[in-house]
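Just below is one structure, and these are the notes that go with it.
There are 2 protein chains.
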Amino acid sequence: MGERESLDLLIRGGTLLTMSEDMEVIENPEIGIRGGEIRFVKHDRKEPSSHNAKETIDASGAIIMPGLINTHTHLPMVAFRGLADDLALMDWLQNHIFPVEAKFVNREMVYHSSLLSMAEMILSGTTTFCDGYFFEDGVAEAALDAGMRGVPCQGFVDFPTSDIPDPEKRGAVAEAFIKKWSNVSTLINPALFCHAPYTCSPETLSEIKGISRAANVPFLIHLAETRDEVSDIRDRYGKTPTRHLHSLGILDENTIAVHCVWLEDEEIQILAECGVKVSHNPESNMKLAAGIAPIPEMLKRGITVGIGTDGAASNNNLDLLTEMDTAAKLHKVSSMDPTVMDAKTVLKMATIEGAKVLGLDGRVGSIEAGKRADIIIIDTMKPHLTPMYNPYSHIVYSASGADVSVTIIDGKVIMMNRHLLNMNIDDIIKRIIKISEDISRTTAAGD
Amino acid sequence: MGERESLDLLIRGGTLLTMSEDMEVIENPEIGIRGGEIRFVKHDRKEPSSHNAKETIDASGAIIMPGLINTHTHLPMVAFRGLADDLALMDWLQNHIFPVEAKFVNREMVYHSSLLSMAEMILSGTTTFCDGYFFEDGVAEAALDAGMRGVPCQGFVDFPTSDIPDPEKRGAVAEAFIKKWSNVSTLINPALFCHAPYTCSPETLSEIKGISRAANVPFLIHLAETRDEVSDIRDRYGKTPTRHLHSLGILDENTIAVHCVWLEDEEIQILAECGVKVSHNPESNMKLAAGIAPIPEMLKRGITVGIGTDGAASNNNLDLLTEMDTAAKLHKVSSMDPTVMDAKTVLKMATIEGAKVLGLDGRVGSIEAGKRADIIIIDTMKPHLTPMYNPYSHIVYSASGADVSVTIIDGKVIMMNRHLLNMNIDDIIKRIIKISEDISRTTAAGD
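So the sequences go chain by chain: A and B.
Residue 323 in this note's numbering sits at position 323 of the first sequence; the count goes up by one each step and never skips.
Position in the second sequence counted from 1, then plus 447, gives you this note's numbering.
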């Protein structure tokens, strides 16, 4: 930490939103990075730096902030972006998505589609994702190759899938997945994902949650997404989905419940008391007409809520900047209170609160000495970001992912001036276009 | 129209969304432009062109479509972008916006702020705007200088403003404005704007509507934006705002009613029967928690509805691409029906239906021979626009304004590869930053 320490990267100038506990905003900061770690954050450095650094980034006229954290997505589904829109969730899922998944999802498709999604995320300022899908090994491998931080969650349902043809072997698959990815890289934090209470039996839920608990990794599940789910689970188990999971002992501080649209007031209290983390996916919930999650109520009860884009097939992009805008505005109009979900609150949800959801807040989510260097820079010298009275407002209400000019993950600059530095993006795009042509031929023939 | 006619501009390749009556989609089109007019649209031209053109644009791998039409905004308010957020409409308006307007709005500020807004619009694919504000001469002049098509609407309220210190002179101001701008340029179509039923007396409304009618130009008004407005107008006149305007004879096919959030079922019928056009501003309505306009019901009754961003102070950008996304998703979740406001319907609202709202559909809103050449090109060879099964879906659900690579207005290429060709944008940004610094000093001192 000495003044003479040689640095890998130095960022100077601009306006730093630290997103630290006291929401410190620092003008003309100097951020020193070495070995992937933020070594120091200094104030108001107008003189030339006294530090030696291999690389220096001048952020004058820009906003520096922590990389965004996408707490829920299905990265490989980018291959189905725009394949089926303007449909009800169950129609969309059962008549469009499940059939193409059964035919086209394989290890190679997962790897390449995930790379495309990661390119999109890196270009729009996301540095950490939490993904749930099949063949999640492929997602983890793509993250390593893309240099992204991720929580890949191997997915489970009761019916046979191409990655787990024999569902009885799920326990072995879960354990092997955690074991394989636990110590590969600081970037990868493996976890497990039961798709939903309506696709996983109580036995499956209990078994996978048990393995998560033993390994001390997050357990992810779609919960109370639609009214149909609530009535379906009531019919099957005589309880709402939330009470059903509670009765199985699934709900604890290492469970990430995604969507949580249809919660009774008492169920919000159950989630709060159990310390369950929530991933809010407003655009997907809107597009599929699932409903509006009671997020302001959850925040009032002290529930930790992060933001997610869901998969590109139900959004249809992975842009957390526009997702924040939608999140803020949706709850204002839904509650008829324009003061809820203010810009600061929403930006916290997409950074430090998202890190807490994933159990990574000791390492990322804010820009402070000792944390890993996951940092983005947003150039504000543009017509739609002029003038600037309030940087939080600009990030949430005015910017889009295309305004991110630099993305740094674990101390490495992986995107600079809209160029991906460690990917052959033309090659990735070509591969996915090829997959989409195959899908188009099949769906055209089948319909 | 002969094969040998020499052209100003030829666009070839890509996928053309004509937005014509039959929603024709043309692969590998050839679009010939001369004298600002679309001379021909040809199909599937893979051979080298037989046409001579001064300039040729290769749109391979891109979507070509009509420029977007923003049916309601307050362009000069871009100077207040992010000045006051997360507040209720009346608090925002009366305690933040009106005071800075009284102090900082002048002819020069309006001109320069409008230029900044136009830069933002051109960069995000908007080619036609309808604006309502004070000193609207400054907006019209900026449009001429920016090369944008516009419907500048001089604004009226009952209280003295810096552009009309004596409100009794409003009639003369209105007539002079229409006269001045009626035949200046094919780009400018002047109109009149009464701010709202709660800021304009019945006499003001009748007088300005009378002048609009005599001149056969649109009459614009904010209508039924908030519940407070409804109860206020009920208290004053014993009627809802819509019935109040109806009883004054204000509602006809040349009236553009903006917002229309709080309409009873019977009032939707009144608007439909009178042929009133509606401008839907979902993001502003959400951010100010005004409410959700019953747009799917209006469409069912055959009301012509366009989309608007409202001013940048209540949105906080002028990006119609993300506004379409929000419009589609908001009504799906609000009606709990994911099939409403499908991508095609919403894209129509932002193009040909918007043109109808402004009375300009004979000239713009679709790409057809004989129309003026207002055209945008969206490059789709990007991670977040890959793969592409359905171009309508991509435009509405996946793209943002930053994906527009070419903007053509009245046959002139005014933006190419994100560069504004006829503006010194750095100079404009500097001027607005200077204005914002003055505003910041005043508001900091005053609060």
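In this text, a Cβ means the ideal position worked out from N, Cα and C, and glycines have one as well.
The beta carbon of Glu588 (chain B) is closer than 7 Å to those of Tyr558 in its chain, skipping five residues each way along the sequence. For Ile879 (chain B), the chain A residues whose Cβ falls inside 8 Å of its Cβ are Thr386 and Pro387, in order along the chain. Across the region 456-483 of chain B, no CB contact with chain A closer than 8 Å is found for any residue. Our two residues, Cys641 (chain B) and Glu720 (chain B), have alpha carbons roughly 22 Å apart in a direct line. Note on geometry: alpha-carbon atoms of Ser731 (chain B) and Ala59 (chain A) lie some 31 Å from one another. Bridge partners of Asp826 (chain B) according to DSSP: B:Ala509.
In the three-state reduction of the DSSP assignment, Phe134 (chain A) falls in the coil class.
Boundaries cannot be given for Lys686 (chain B), as no beta strand (DSSP E) includes it and DSSP labels it neither H nor E. Here Arg878 (chain B) has His559 as same chain residues with Cβ atoms under 6 Å from its own Cβ, once five neighbours each way along the sequence are excluded. For Leu16 (chain A), the enclosing beta strand (DSSP E) begins and ends at Thr15 to Leu17. Ser507 (chain B) has a beta carbon lying at 8 Å or more from every beta carbon in chain A. Contacts with chain A at 8 Å (Cβ-Cβ) do not include Thr854 (chain B).
When only Cα atoms are considered, Lys169 (chain A) and Glu24 (chain A) end up about 49 Å apart. Note on the region 717-794 of chain B: whole alpha helix (DSSP H) runs with a minimum of 4 residues are 729-734, 742-747 and 767-782, in chain order.
Distance from the CA atom of Thr242 (chain A) to the CA atom of His331 (chain A), rounded to whole angstroms, is 22 Å. For Pro637 (chain B), the secondary structure class from DSSP, reduced to helix, strand or coil, is coil.
A distance below 6 Å between beta-carbons, with the five flanking residues on each side excluded, links Ser453 (chain B) to the following residues of its chain, in chain order: Asn499. Scanning chain B for C-beta atoms nearer than 9 Å to the C-beta of Asp337 (chain A) yields Ala535 and Ala736, reported in chain order. Sequence-distant partners of His490 (chain B) (beyond 5 residues in either direction) whose C-beta falls short of 6 Å from its own C-beta, in its chain, are Ile473.
A distance below 8 Å between beta-carbons, with the five flanking residues on each side excluded, links Thr309 (chain A) to the following residues of its chain, in chain order: Asn70, His72, Thr73, Asn281, Glu283, Ser284, Asn315, Asn317, Leu318, Asp319, Leu320 and Glu323. Contact check for Gly461 (chain B) and Asp821 (chain B): beta-carbon distance about 17 Å, past the 8 Å limit, so the pair fails to qualify.
DSSP places Lys803 (chain B) in the uninterrupted alpha helix (DSSP H) bounded by Ile799 to Val804.
Contact with chain A is absent for Gly809 (chain B), since none of that chain's Cβ atoms lies less than 8 Å from the residue's Cβ.
For His543 (chain B), no beta strand (DSSP E) segment is defined, and its DSSP state is neither H nor E. Scanning its chain for C-beta atoms nearer than 6 Å, with the 5 sequence neighbours on each side dropped, one finds around Tyr133 (chain A) the residues His74, Pro76 and Gly155, in chain order. Ranked by Cα distance from Ser212 (chain A), the options A:Val184, A:Ile178, A:Gly359 and A:Gly311 are led by A:Ile178. 8 Å or more divides the Cβ of Ile715 (chain B) from the Cβ of Leu698 (chain B).
Residue environment analysis places Ser124 (chain A) among the buried positions, since at least 16 neighbouring C-beta atoms fall within 10 angstroms of its C-beta. The contact set of His280 (chain A) on chain B, defined by CB atoms closer than 8 Å, is empty, because the minimum CB distance reaches about 13 Å. Closer than 8 Å to the CB of Lys180 (chain A) there is not a single CB belonging to chain B. The secondary-structure analysis by DSSP pairs Thr651 (chain B) with nothing; it has no beta-bridge partner. In this structure Leu639 (chain B) is in contact with Val664 (chain B), their Cβ atoms being roughly 7 Å apart against a cut-off of 8 Å. Its Cα nearest to that of Pro383 (chain A), the residue B:Arg528 stands out among B:Arg528, B:Met466, B:Leu463 and B:Glu477. Per DSSP, Ser852 (chain B) is not a residue of any alpha helix (DSSP H); the beta strand (DSSP E) it occupies stretches across Val851 to Ile856.
For Glu120 (chain A), the neighbours in chain B by C-beta distance under 7 Å run, in chain order, Pro830 and His831. With at least 16 other beta carbons inside 10 angstroms of its own, His841 (chain B) counts as buried.
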